[in-house]
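Residue numbers (my numbering): 17 to 156.
We treat Cβ as the ideally placed atom computed from N, Cα and C, and that holds for glycine.
As the structure is a prediction and not an experimental result, all values here were calculated from the model.
Okay, so here's the structure we're looking at.
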């Protein structure tokens, strides 16, 4: 397992074209197992998910985001494949649909980048268009 600096930038745009962006830079780790990269980091108060560990399982054309702890969720990003995800919130569980329009992965032994553009829906009605950008850089 290698130590890493992880930069996460998430942008959400609603129907009224209003956007909200959250940026986070944190320490974490990553490792490679076969043809799969794993990135692990702790969420912070800034993301609203303090007490949550995020694990990304990354292959060439698919990214699976797993959250454990205070917030539990599983989101799968595979281009043009809709995935439904149960999302536990402090107010109860909701079912969200995720439809990635673009998934770009460039990873190597020293880190890499992921860009995901996706629509988020609730009860099959799009509630936002999102972009997730993640950069992983190995540190010694």
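Beta-bridge pairing of residue i - partner residues as DSSP gives them
{"i": "residue 71", "result": "56, 82"}
{"i": "residue 116", "result": "134"}
{"i": "residue 36", "result": "28"}
{"i": "residue 154", "result": "20"}
For residue i, three-class secondary structure by DSSP
{"i": "residue 97", "result": "strand"}
{"i": "residue 107", "result": "coil"}
{"i": "residue 88", "result": "coil"}
{"i": "residue 42", "result": "strand"}
{"i": "residue 146", "result": "strand"}
{"i": "residue 50", "result": "coil"}
{"i": "residue 122", "result": "strand"}
Pairwise C-alpha distance: residue j and residue i
{"i": "residue 78", "j": "residue 140", "result": "22 Å"}
{"i": "residue 72", "j": "residue 55", "result": "5 Å"}
{"i": "residue 132", "j": "residue 22", "result": "16 Å"}
{"i": "residue 20", "j": "residue 149", "result": "16 Å"}
{"i": "residue 1", "j": "residue 80", "result": "Nothing can be reported for residue 1: it is not among the residues displayed for the chain, which extend from 17 to 156."}
{"i": "residue 97", "j": "residue 156", "result": "37 Å"}
Touching by the beta-carbon criterion (3+ pairs, under 8 Å), the region 89-109 and the region 44-62: The region 89-109, when compared against the region 44-62, does not touch it at the 8 Å Cβ threshold.
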